[in-house]
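**Student:** One structure, as structure tokens, below. Some questions next.
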Amino acid sequence: MKVKCMAKFVRQLIGVEIKLGFLYIPAHGVELMPNKDGSIKVTLDGEQKALHYNAAHRRVFGLTGWYSKHKLKVKDSVEFSKLADDAYSLSLCQAKSETEEEGVEDAVDLSGLTSQAKGDIVEDRLKELLLLHGQGLLSVYKPVTDTEGIDLIVVKNGQFHPIFIQSKGRFTLGKGGNQLILRIKVKTFTPHENYYVIGAYFNPKTLEIDENLLLIPSEVIEKQAIKVPKSGEWYSVTASLKDTSEGKWAKYIVKKDELASVLLEKFQMIERFVK
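Be aware that the sequence shown starts at 1455, since it is given in our numbering, and climbs by one per residue.
The structure is reproduced here in structure tokens:
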């Protein structure tokens, strides 16, 4: 009799899982698991085994032998399913044929990263861009706190009028993979002529931010973004990052390699009015 599958997920294995014999449960699979540590029943190759689940670290232990038996390696995919009666099954995913794999890029599973960690990754990429392309003219600082929604402070050497940046990184795109969706908390957002929002898409396949970024003046956000009264008020910006985009946010698209140059132009404008 075939056991009905209640829900499942598929993920690629990483080296430490194979080495230590555990399976990491991604964020979208946590709802399938118990709320506390303990033994769980998992079917492996038709035989039910008692494995240990660590709820705090979201790991199923006891898989060293099974990984070794099937000679699994990094990026091999497995399917984890929840069955009836609090039981589970773990199985190999069928390998794709060579023709199916042609042109397919593997994406790193980033589901275990927190929102804070993802935000830090994008901020670090932006800092690198500004320093590398700033020709030694720009310095970048990070506030001790971000209570004002400011993530980066950029200063032109010899000038004491900084540009403030709120960084909004996204690891997924909406509407068929074309729309960058930004959410900016109204409560901690104070528009100013020297304050900008940078929207960036981080591509899990290339592990880099997209070639195109959004660089939007905070005063424009206040005037043109949609206000969403959900769990506190938010400004919502939905924009395509394509070169052919014609939406209202298209004029704020900049190439990532040109970001430093664009900010240097902003500093030149500041110098004209502030001595």
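Heads up, the beta-carbon is just placed ideally off N, CA and C, and yes, glycines get one too.
Within 10 angstroms of its Cβ, does Lys1490 collect 16 or more other Cβ (buried), or is it exposed?
**Tutor:** Lys1490 sits exposed, since fewer than 16 C-beta atoms from the chains shown fall within 10 Å of its C-beta.
**Student:** With a Cβ-Cβ cutoff of 8 Å, do Ile1724 and His1615 count as a contact?
**Tutor:** yes
**Student:** In this structure, does DSSP put Gly1628 in helix, strand or coil?
**Tutor:** strand
**Student:** With a threshold of 8 Å on Cβ separation, who are the neighbours of Ser1493 within its own chain once the five nearest residues in sequence on each side are excluded?
**Tutor:** Ala1504, Leu1505, His1506 and Tyr1507
**Student:** With 16 other CB atoms within 10 Å as the buried threshold, where does Glu1673 fall?
**Tutor:** exposed
**Student:** Only counting the same chain, and skipping five residues up and downstream in sequence, which positions put a Cβ closer than 7 Å to that of Pro1597?
**Tutor:** Ile1604 and Ile1607
**Student:** Leaving aside the five residues before and after Ala1461 along the sequence, list all residues of the same chain whose C-beta is less than 6 Å from its C-beta, in chain order.
**Tutor:** Excluding five sequence positions before and after Ala1461, the CB atoms of its chain that fall closer than 6 Å to its own CB belong to Leu1486 and Lys1536, given in chain order.
**Student:** Taking 8 Å as the cut-off, decide whether the C-beta atoms of Leu1695 and Tyr1655 are in contact.
**Tutor:** yes
**Student:** Roughly how many angstroms separate the alpha carbons of Tyr1650 and Tyr1478, rounded to a whole number?
**Tutor:** 38 Å
**Student:** Let me make sure I understand the geometry here. Which of Lys1641, Leu1580, His1482 and Gln1502 has the alpha-carbon closest to that of Ser1543?
**Tutor:** Measuring C-alpha to C-alpha distances from Ser1543 to each of Lys1641, Leu1580, His1482 and Gln1502 identifies Gln1502 as the nearest.
**Student:** May I have the straight-line CA-CA distance separating Ile1635 from Val1708, to the nearest angstrom?
**Tutor:** 17 Å
**Student:** Relative to the C-alpha of Ser1593, which candidate in Gln1570, Ile1617 and Lys1572 has its C-alpha closest?
**Tutor:** For Ser1593, the closest alpha carbon among the candidates Gln1570, Ile1617 and Lys1572 is that of Ile1617.
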